[in-house]
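The sequence shown begins at 24 in this note's numbering and counts up one residue at a time. One structure below.
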Amino acid sequence: MSNTVRIDERLREHLERGITPRLDENGRQVRCLLMYSGGLDSTLAGILLRLQGIDVVAINCFTGFCLTDHKRKMGHERRDGSRYQNEAIVGAAGLQIPVEVVDVREGYLKVLTEPRHGWGSAVNPCIDCRIHMLSHASRELLEEYDAHFIATGEVLGQRPMTQMKRQMKIIERESGLEGMVVRPLCQVALEESIPEQKGWVDRDSLLGINGRGRKEQIRLAEAFGVLDYPQPAGGCCFLTDGNYGRRLKDTIVHLGEKDLDFDDVLVLKVGRHFRLPDGNKLIVGRNQEENELLRSYWHLGLFLAVNGHPGPLALYLGRPESDDLDLALRIVARYSDCPADEEVQLRMMSGEDVTGTRPATPCSRGDERAWQIL
24 MSNTVRIDER LREHLERGIT PRLDENGRQV RCLLMYSGGL DSTLAGILLR
74 LQGIDVVAIN CFTGFCLTDH KRKMGHERRD GSRYQNEAIV GAAGLQIPVE
124 VVDVREGYLK VLTEPRHGWG SAVNPCIDCR IHMLSHASRE LLEEYDAHFI
174 ATGEVLGQRP MTQMKRQMKI IERESGLEGM VVRPLCQVAL EESIPEQKGW
224 VDRDSLLGIN GRGRKEQIRL AEAFGVLDYP QPAGGCCFLT DGNYGRRLKD
274 TIVHLGEKDL DFDDVLVLKV GRHFRLPDGN KLIVGRNQEE NELLRSYWHL
324 GLFLAVNGHP GPLALYLGRP ESDDLDLALR IVARYSDCPA DEEVQLRMMS
374 GEDVTGTRPA TPCSRGDERA WQIL
């Protein structure tokens with residue numbers, strides 16, 4: 024399997040030309056907004072809707088926490104040497120449907136730090152996240168696109184936190200979309216939705232898939248001519264990562280929920296993180312790509328780098344008068360190529376402007392590990 028959707032040309036031509044538009048009671052073609060990731064399930068949902076003659080607009084929500092998007096921006100390559108792509112944009116092109124990448128970061132910090140329905144295994148507020156995305160679609164996008172309803176690629180029972188009947192009802196109700204969400208892959212196993220009752224969607228052409236297995240979706244993919252598609256992407260969100268979760272919880276403890284801004288949580292994706300004895304923070308880049316990404320957070324603190332030896336760029340967040348700065352300099356020196364017992368000069372920078380230099384000797388591995396947030 025590849026990492027992006029590829030559609031058989033015969034299906035593409037059929038979707039493009041051979042379907043009679045489905046009309047509402049006023050003679051207007053039925054239109055839906057499909058919450059679209061570019062994965063197999065949402066792609067199959069889009070095909071099922073298009074085969075009914077429904078005009079489908081793909082909506083891809085951007086939160087800043089997609090691991091694939093981060094790797095793409097970092098210039099990483101997959102194991103086969105291919106570049107990471109925005110799967111939603113590529114998949115929508117294969118389906119011949121328009122796609123809108125929607126920034127839903129406004130208000131997301133509260134969703135992240137104060138989720139009404141709690142976190143999952145790490146700091147993933149999955150239920151609240153779905154409510155936030157669907158609320159945005161309901162409040163901002165349904166009217167903008169003159170759409171009749173919203174659809175998703177969800178499968179009943181596939182994900183225990185968000186795709187059980189009880190949670191699905193909560194998400195619909197709290198997003199203001201009760202009865203207005205159609206899930207083509209599993210709708211037959213759910214109560215009839217308002218779009219079905221109104222005749223906008225034909226229930227007999229929907230499915231009743233249930234559970235965590237993938238056999239039925241793979242069979243459908245073969246039948247529909249979906250040639251390639253990404254593997255299931257439940258782990259593509261930083262918020263499900265245990266290391267990221269520990270960093271965020273540490274940041275909340277030291278900064279408090281009220282003082283956080285989005286950069287405070289986005290920078291947690293980059294580098295090695297250290298919480299120093301006086302409570303200040305150090306982030307050390309692990310490679311050239313991370314060093315470059317750290318530069319975009321110059322406004323958060325003070326850059327540290329070793330003079331005369333190859334080494335990382337580091338970001339010190341805290342009080343420069345603290346003894347923590349001396350320890351930070353020693354940690355940065357340890358990750359450079361200087362000899363372990365050599366005193367080196369490190370430059371301190373505000374953005375690109377050098378504000379001073381200070382000597383330091385690399386710390387021991389034990390000293391470094393004692394303060395690392397693992």
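Virtual Cβ for every residue (Gly too), placed ideally from N, Cα, C. Quantities reported herein were computed from a predicted structural model and do not represent experimental measurements.
Assign residue i to one of two classes, buried (16 or more other C-beta atoms within 10 Å of its C-beta) or exposed (fewer than that).
i	result
Arg-153	buried
Lys-304	buried
Leu-46	exposed
Gln-220	exposed
Gln-404	The structure shown does not extend to residue 404, since the chain is modelled only from 24 to 397, so the question has no answer here.
Ala-170	buried
Gly-302	exposed
Thr-378	exposed
Gly-98	exposed
Val-307	buried
Pro-44	exposed
Glu-313	buried
Would a C-beta distance cut-off of 8 Å place residue i and residue j closer than the cut-off?
i	j	result
Gly-294	Leu-317	yes
Arg-298	Asp-264	no
Ile-194	Leu-157	yes
Ser-319	Gln-75	no
Taking the C-alpha atoms as reference points, what is the distance between residue i and residue j?
i	j	result
Arg-189	Asp-286	34 Å
Arg-342	Glu-166	49 Å
Arg-388	Tyr-358	10 Å
Val-182	Leu-348	It is worth fixing the name first, because residue 182 is Arg in this sequence and not Val. Distance between the alpha carbons of Arg-182 and Leu-348: 45 Å.
Arg-235	Pro-218	26 Å
Ala-337	Ile-77	52 Å
Thr-91	Cys-259	6 Å
Val-134	Ala-363	45 Å
Tyr-310	Glu-391	According to the sequence provided, residue 310 is Asn. The question's Tyr does not apply to it. Cα to Cα, Asn-310 sits roughly 18 Å from Glu-391.
Gly-50	His-159	28 Å
Ile-42	Leu-289	44 Å
His-155	His-296	29 Å
Lys-192	Ala-328	52 Å
Ser-60	Val-367	49 Å
Leu-281	Thr-136	It should be pointed out that residue 281 corresponds to Lys in this sequence rather than to Leu. Going by the C-alpha atoms only, they are around 10 Å apart.
Ile-120	Gly-114	9 Å
His-140	Asp-151	6 Å
Ala-393	Pro-385	15 Å
Ile-275	Asp-284	11 Å
Trp-321	Arg-102	32 Å
His-277	Pro-138	19 Å
Cutting at 8 Å between CB atoms, please list the residues of its own chain near residue i, excluding the five before and the five after it.
i	result
Arg-95	Arg-106, Tyr-107, Gln-108 and Asn-109
Ser-216	Phe-172, Gly-202, Met-203, Val-204, Val-205, Gln-210 and Val-224
Arg-162	Gly-199
Gln-240	Leu-63, Asp-64, Leu-67, Val-178, Leu-208 and Ile-232
Leu-323	Asp-286, Asp-287, Val-290, Leu-338 and Leu-340
Glu-48	Lys-221 and Gly-222
His-93	Phe-261 and Lys-292
For residue i and residue j, which I take to be in contact (beta-carbon distance under 8 Å), what is that distance rounded to the nearest angstrom?
i	j	result
Ala-65	Gly-248	Before going on, a small fix: residue 65 reads as Ser here, not Ala. 17 Å between Cβ atoms; not a contact.
Met-372	Arg-381	Incorrect: roughly 12 Å between the Cβ atoms, too far for contact.
Val-122	Ala-81	4 Å
Lys-292	Phe-261	6 Å
Arg-54	Leu-118	In fact, because the Cβ distance is near 15 Å, the residues do not count as touching under 8 Å.
Gly-268	Val-146	4 Å
Ala-13	Asn-83	This structure cannot speak to residue 13, because the chain is shown only from 24 to 397.
Keeping to the same chain, check which residues put their C-beta closer than 6 Å to that of residue i; ignore five residues upstream and five downstream.
i	result
Ala-256	Low local confidence applies: a pLDDT of 49 at Ala-256 is under 50, so the model's placement there is unreliable, and no value is given.
His-332	Ser-359, Asp-360 and Cys-361
Leu-57	Gly-69, Val-79, Ala-81 and Ala-174
Pro-300	none
Ala-383	Leu-352, Arg-353, Ala-356 and Leu-369
Leu-243	Leu-67
Tell me which residues share the same chain as residue i and place their Cβ nearer than 7 Å to its Cβ, disregarding the 5 neighbours each side in the sequence.
i	result
Cys-149	Gly-143, Met-184 and Thr-185
Thr-86	Val-127, Arg-128 and Tyr-131
Arg-270	Leu-291, His-296 and Ile-396
Phe-88	Cys-260, Phe-261 and Leu-262
Ser-21	The question about residue 21 has no answer here: the residues shown for the chain are numbered 24 through 397.
Tyr-168	Arg-54, Leu-56 and Val-80
Is residue i close to the ligand PLP? I mean its beta-carbon at under 7 Å from any heavy atom of the ligand.
i	result
Asp-286	The ligand PLP is absent from the structure shown, which contains no ligands of any kind.
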